[in-house]
Amino acid sequence: MTEDKSLGFMGLAMRAGKVICGFDAVCNSLKRREVKLLIFAGDISRNTLDKLLTLGEKGIELPDAYSFSTAGRLGDALGKSPKAVIGISDDGFARKLSEMLNDFDEEGNN
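Here it is as structure tokens:
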């Protein structure tokens, strides 16, 4: 599985309206339990990552999460500015993307 295929699938999920973009939107959706899968850019700032992880300490359930690609490439795939964190709000898209990202990781990619 290539990075481009995974990014392309994220773009498809975006066009279907199943992607939540940006820190504030993802945090709000996590609080409402709308996020089925979290994706962090590999170049996410430590501060931003810590803020998200703190939500879990506050009793907000965090879904499965993956570190993948870069903020610039994630944003490009979604037709947006760079995005350090995105959420997938649909079970089907989340399940398929999770499989794709697991395959990508198993091939020794990051």
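Every letter in the sequence shown is one number past the one before it in this note's numbering, and letter 8, counting from 1, is 47.
Here a beta-carbon is modelled for each residue, glycine too, at the ideal position from N, C-alpha and C.
Every value quoted in this text rests on a predicted model; they were computed, and no experiment measured them.
Inter-residue CB distance, residue i and residue j (contact presumed, cutoff 8 Å)
i	j	result
Met49	Leu136	7 Å
Ala104	Leu77	4 Å
Leu92	Phe79	About 10 Å; that fails the 8 Å criterion.
Phe107	Ser45	7 Å
Strand pairing of residue i, partner residues [DSSP]
i	result
Ile78	Tyr105 and Ile125
Val58	Ile127
Terminal residues of the alpha helix (DSSP H) in which residue i lies
i	result
Gly111	Ala110 to Leu117
Gly95	Arg85 to Glu96
Pair within 7 Å by beta-carbon distance, residue i and residue j
i	j	result
Ile125	Val58	yes
Lys75	Asp130	yes
Lys122	Ala110	yes
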